[in-house]
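So the sequence lines, in the order shown, correspond to chains L and E. Each residue of the first sequence is one higher than the last, beginning at 1 in this note's numbering. Each residue of the second sequence is one higher than the last, beginning at 329 in this note's numbering. Idealized CB from N, CA, C, for every residue including glycine. Here is the structure we will look at.
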Amino acid sequence: MAKEPVRVLVTGAAGQIGYALVPMIARGIMLGADQPVILHMLDIPPAAEALNGVRMELVDAAFPLLKGVVATTDVVEACTGVNVAVMVGGFPRKEGMERKDVMSKNVSIYKSQASALEQHAAPNCKVLVVANPANTNALILKEFAPSIPAKNITCLTRLDHNRALGQISERLNVQVSDVKNVIIWGNHSSTQYPDVNHATVRDKPVRELVKDDEWLNGEFITTVQQRGAAIIKARKLSSALSAASAACDHIRDWVLGTPEGTWVSMGVYSDGSYNAPAGVIYSFPVTCKNGEWTIVQGLAIDEFSRKKLELTGAELTEEKELAYSCLS
Amino acid sequence: MEQEHIILLQKILVLLFSVTLFWKIIKHMCGLLNIEKEPVTVLVTGAAGQIGYALVPMIARGVMLGPDQPVIIHMLDIEPAAEALNGVKMELIDAAFPLLKGVVATTDVVEACQGVNIAVMVGGFPRKEGMERKDVMSKNVSIYKAQASALEQHAAPDCKVLVVANPANTNALILKEFAPSIPEKNITCLTRLDHNRALGQISEKLDVHVSEVKNVIIWGNHSSTQYPDVNHATVKTTDGEKSVRVALANDNWLNTEFITTVQQRGAAIIKARKLSSALSAASAACDHIRDWVLGTPKGTWVSMGVYSDGSYGIQPGIVYSFPVTCEKGQWSIVKGLKIDEFSREKMDATAKELMEEKTLAHSCLV
């Protein structure tokens, strides 16, 4: 017996990440090969024709799992009945723009989308914010959608997590599927802290295998932090493919559960664990079960890491203040 | 004497039965132990482009060969795209795909073709404004002649080839002609996109889900002379499978607008997106290879551009899209389908165009 379809919203769907993401969703990569989906795609009126082109292509691909497509510029229609919302749409930073300007534009967007989601999405809708500044956009969304449980609002740091796994696998010349339990702490920005102190390759600690603390504490961290810029430099476009793939991983693990003994990184509403500031969206190591995430507790944090955790926490607190100042 | 024979026969049967049972048990245990399959090496040419960017994550996620089939991806592009190609490689690493056992990103066609089991030829010379048909043909003929050699010399035995770059059928033909040691049945071109588009159009018109519609046919050239034929297509209804023509009850639409919509869909996508249909082309390429390798479902056929053997009165010596079923890694043309006069005319027109393209291509080679 076929399952009931799940409604998945993608905002900013006419853009690069959307174009990479929607076929992944339609092929069952996000929710499983036996889970039918209905796609809701939202974008702004200037992108309406391009968005319709994407809808046409989804029809043309004859996906067996895709039970319907809604392509719209109307946020209410887009949000109606959605079970999973991937917020890719946002105001991109343009040359000459100040940080405050970008923040201001995005705060407005996320405030209004929060309302629409709260009023029209299905109960227990799971939200993943991708558009930058991801953590703070997610926070604004949370604050203006008070009836959506705080635990249902997350932001994407899985891309950084996967990038960290990739760097370790290349360094050690092992399969990436053998590397696990890196952690991305904090903000999806250049202050993120990729932490390998609990990472393993087939149960052996990564630090012992790499035998190069200087690299792990230096170049490895900056490579992961700046990987986005490296992709833009090479492709002249940002990392749509890997971001879309990470978004699928984030949702899939959230909904279907993390494998035994493995955690992943998610930006979630902080409860103050590990002395991170409470009341911001902060990336933690989490396990997932029965559709819920839980922060992995009790991991030892050394002095080097402590400083990094605090730095990224401080940036998130600043961003929160900046965002609020845009609202007054 | 007879008694001994019977006993011997019985012993042999028992032995065979035991061996078979033993083999099945071992296989089942191996499955439980999760012993991984050997990786399959897939080449994508033109990999730094739009279709390549949509295609490689699909391959890496098992959409092309199945969720339990590890893959190694070889990506080839031209020198000017080397940096962008490396960016794609970086992203494939950044995505931490469990099935992806290796990535080669190169501008060297020999390195790219080394040991490949499947080759998806997306790279080609695109038509630019002001270019004549002969110019586009000439450029692509050179490319496919060179790549034919490299594939023939360096690919794995029994490499399966799918040509996507336009003019797809004729590029595939050139490839076949210059790679004589690759079995001609291993060289195909993509008309699955048109096939899927036809399924989509029927499903929209009938307001059913696309998986309820099957057995459309795309005949001929992947161009505006392609003939989308629904005369044998069926749709699943509550009363069982019905002919699409009967269920739709709109022959006029089926013989006119439906055909032109499918033929011109590519242009419609470009008009809407300002870019060509990378998403659906990549998806169709995955479907083409998957059905070829893993087999078509029972009672269902698909459309593939294959080397004509003269079926349905189509002259041999061109790559023509036919209805095919696939089993054990081989395609077979579906025979014996009735062709009415309307269809005959269309099928011949697209064959004629393919003969003309062949002549034009050969003239570029002298």
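Quick check on the DSSP output: the beta strand (DSSP E) that includes residue 284 of chain L runs from which residue to which? Here residue 284 of chain L is taken as the residue at index 284 of the first sequence, counted from 1. Element bounds for residue 284 of chain L: 281–289.
Looking at the structure shown, is residue 663 of chain E part of a helix, part of a strand, or coil, going by DSSP? Here residue 663 of chain E refers to the residue found at position 335 when the second sequence is read from its first residue. Coil, per DSSP.
Measuring straight from C-alpha to C-alpha, what distance separates residue 105 of chain L and residue 5 of chain L? In the first sequence, the residue the question calls residue 105 of chain L occupies position 105. In the first sequence, the residue the question calls residue 5 of chain L occupies position 5. Using only the alpha carbons, I get a separation of about 34 Å.
Beta-carbon of residue 429 of chain E versus every beta-carbon of chain L: anything under 8 Å? Sequence index remark: in the second sequence, residue 429 of chain E carries index 101 (1-based). It does; some Cβ of chain L falls within 8 Å.
For the alpha helix (DSSP H) that residue 272 of chain L lies in, which residues bound it at each end? For the purposes of this step, residue 272 of chain L is taken as residue 272 along the first sequence, with counting starting at 1. From DSSP, residue 272 of chain L is part of no alpha helix (DSSP H); its letter is neither H nor E.
Determine the chain E residues that contact residue 111 of chain L at a beta-carbon separation under 7 Å, and present them in chain order. As a working mapping, residue 111 of chain L is identified with position 111 in the first sequence. Under the 7 Å cutoff, chain E gives no residues; its nearest Cβ is about 30 Å from residue 111 of chain L.
Who pairs with residue 402 of chain E in a beta bridge, going by DSSP? The sequence position of residue 402 of chain E within the second sequence is 74, counting from 1. Beta-bridge pairing links residue 402 of chain E to E:371, E:432.
If you draw a straight line from the C-alpha of residue 92 of chain L to the C-alpha of residue 12 of chain L, how long is it? Translated into positions along the first sequence, residue 92 of chain L becomes position 92. Translated into positions along the first sequence, residue 12 of chain L becomes position 12. Computed Cα separation, rounded: 11 Å.
Span separating the alpha-carbon of residue 97 of chain L from that of residue 376 of chain E: Looking up residue 97 of chain L in the first sequence gives position 97. Looking up residue 376 of chain E in the second sequence gives position 48. Roughly 30 Å between the two C-alpha positions.
Counting only runs that start and end within the stretch 114–185 of chain L, where is the alpha helix (DSSP H) found for 4 or more residues in a row? 134–143, 158–172
Residue 453 of chain E - containing beta strand (DSSP E), residue span: Position 125 of the second sequence, counting from 1, holds the residue named residue 453 of chain E. Note, residue 453 of chain E: premise wrong, no beta strand (DSSP E); not H, not E.
Classification of residue 289 of chain L by the beta-carbon crowding that lies within 10 angstroms, buried from 16 upward: In the first sequence, the residue the question calls residue 289 of chain L occupies position 289. Answer is exposed; the Cβ neighbour count stays below 16.
Residue from E:455, E:346, E:430 whose Cα sits closest to the Cα of residue 444 of chain E: Mapped onto the second sequence, residue 444 of chain E falls at position 116. Comparing alpha carbon positions, the residue from E:455, E:346, E:430 closest to residue 444 of chain E is E:430.
Please confirm whether residue 57 of chain L has its beta-carbon closer than 8 Å to some beta-carbon of chain E. Position 57 of the first sequence holds residue 57 of chain L. Yes - at least one Cβ of chain E is within 8 Å of the one on residue 57 of chain L.
Once the 5 residues before and after residue 107 of chain L are set aside, which same chain residues still bring their CB inside 7 Å of it? Counted from its first residue, the first sequence places residue 107 of chain L at position 107. 140, 323, 326, 327, listed in sequence order.
Can you name the start and end residues of the alpha helix (DSSP H) that residue 548 of chain E belongs to? By one-based count along the second sequence, residue 548 of chain E stands at place 220. Per DSSP, residue 548 of chain E belongs to no alpha helix (DSSP H) and is neither H nor E.
Which same chain residues, not among the five before or five after residue 63 of chain L, have their C-beta less than 6 Å away from its C-beta? Position 63 of the first sequence, counting from 1, holds the residue named residue 63 of chain L. For residue 63 of chain L, where only same-chain residues beyond five positions count, the Cβ hits under 6 Å are 26.
Given a cut-off of 8 Å, decide if residue 194 of chain L and residue 176 of chain L are closer than it, judged by their beta-carbon atoms. Residue mapping note: residue 176 of chain L aligns to position 176 of the first sequence, counting from 1. Residue mapping note: residue 194 of chain L aligns to position 194 of the first sequence, counting from 1. Their beta carbons are not under 8 Å apart, which means residue 176 of chain L does not touch residue 194 of chain L by this criterion.
Starting from residue 231 of chain L, find everything on chain E with Cβ-Cβ shorter than 8 Å and list it in chain order. Against the first sequence, residue 231 of chain L aligns to sequence position 231. Result: 415, 418, 419, 422.
Give the DSSP-derived three-state secondary structure of residue 266 of chain L in the structure shown. The residue given as residue 266 of chain L occupies position 266 in the first sequence. The answer is strand: DSSP assigns residue 266 of chain L an E or B state.
Relative to the C-alpha of residue 551 of chain E, which candidate in E:497, E:582, E:586 has its C-alpha closest? Position 223 of the second sequence, counted from the start, is the residue given in the question as residue 551 of chain E. Minimum Cα-Cα distance from residue 551 of chain E among the listed residues E:497, E:582, E:586 corresponds to E:497.
Assuming residue 562 of chain E and residue 475 of chain E form a contact by the criterion Cβ under 8 Å, report the distance between their Cβ atoms to the nearest whole angstrom. As a first step, residue 562 of chain E must be located in the second sequence, where it is residue number 234. As a first step, residue 475 of chain E must be located in the second sequence, where it is residue number 147. Contact flag wrong, Cβ pair sits at about 39 Å.
Interface flag, residue 479 of chain E vs chain L, CB-CB below 8 Å: Here residue 479 of chain E corresponds to residue number 151 of the second sequence, with the count starting at 1. Not an interface residue.
The stretch 22–40 of chain L: positions lying closer than 8 Å to chain E by Cβ: 22, 23, 24, 27, 29, 33
To which residues of the same chain is residue 138 of chain L closer than 7 Å at the C-beta, ignoring the five residues directly before and after it? The residue you call residue 138 of chain L lines up with position 138 of the first sequence. Counting only Cβ-Cβ distances below 7 Å, and skipping sequence neighbours, we find 129, 153, 154, 155, 267, 281.
Return no unless some Cβ of chain E is closer than 8 Å to the Cβ of residue 259 of chain L. As a working mapping, residue 259 of chain L is identified with position 259 in the first sequence. Cβ-Cβ to chain E under 8 Å: no for residue 259 of chain L.
Taking C-beta pairs closer than 9 Å, name the residues in chain L that residue 593 of chain E reaches, listed in chain order. Start at 1 with the first residue of the second sequence, and residue 593 of chain E comes out as number 265. Residues of chain L passing the Cβ test: 56, 60.
Name the chain L residues that come within less than 8 Å of residue 385 of chain E, Cβ to Cβ? On the second sequence, residue 385 of chain E is found 57 positions in, with the first residue counted as 1. Going along chain L in sequence order, the residues near residue 385 of chain E (Cβ under 8 Å) are 20, 24, 241, 244, 245.
Contact under 8 Å by Cβ, residue 613 of chain E with residue 479 of chain E: Residue mapping note: residue 613 of chain E aligns to position 285 of the second sequence, counting from 1. Residue mapping note: residue 479 of chain E aligns to position 151 of the second sequence, counting from 1. Annotated as distal: residue 613 of chain E and residue 479 of chain E, with beta-carbon spacing of 8 Å or more.
Taking only beta-carbon atoms, is residue 391 of chain E less than 8 Å away from chain L? Reading the second sequence from its first residue, position 63 is the one you call residue 391 of chain E. For residue 391 of chain E, the answer is yes, since a Cβ of chain L falls inside 8 Å of its Cβ.
Exposure of residue 363 of chain E, with buried meaning 16 or more beta-carbon neighbours within 10 Å: Numbered from 1 along the second sequence, position 35 holds the residue referred to as residue 363 of chain E. Counting Cβ neighbours within 10 Å, residue 363 of chain E comes out exposed, since fewer than 16 surround it.
Using only alpha-carbon positions, find the residue among E:348, E:340, E:591 that is nearest to residue 525 of chain E. Translated into the one-based positions of the second sequence, residue 525 of chain E becomes position 197. For residue 525 of chain E, the nearest C-alpha among the options comes from E:591.
Residues near residue 531 of chain E in its chain [Cβ-Cβ closer than 6 Å; skip 5 each side]: The count along the second sequence starts at 1 and reaches residue 531 of chain E at position 203. Taken in chain order, the residues that qualify are 538, 541.
Coarse secondary structure for residue 6 of chain L, derived from DSSP in three states: Here residue 6 of chain L corresponds to residue number 6 of the first sequence, with the count starting at 1. Per DSSP, reduced to three states, the secondary structure at residue 6 of chain L is strand.
6 Å Cβ shell around residue 110 of chain L - same chain, five flanking residues per side excluded: Start at 1 with the first residue of the first sequence, and residue 110 of chain L comes out as number 110. Hits under 6 Å: 137, 140, 141.
With a 10 Å radius around its C-beta and 16 neighbouring C-beta atoms as the bar for buried, classify residue 348 of chain E as buried or exposed. Taking the second sequence and counting its residues from 1, the one referred to as residue 348 of chain E is at position 20. Burial check for residue 348 of chain E: the Cβ neighbour count within 10 Å stays below 16, so the residue is exposed.
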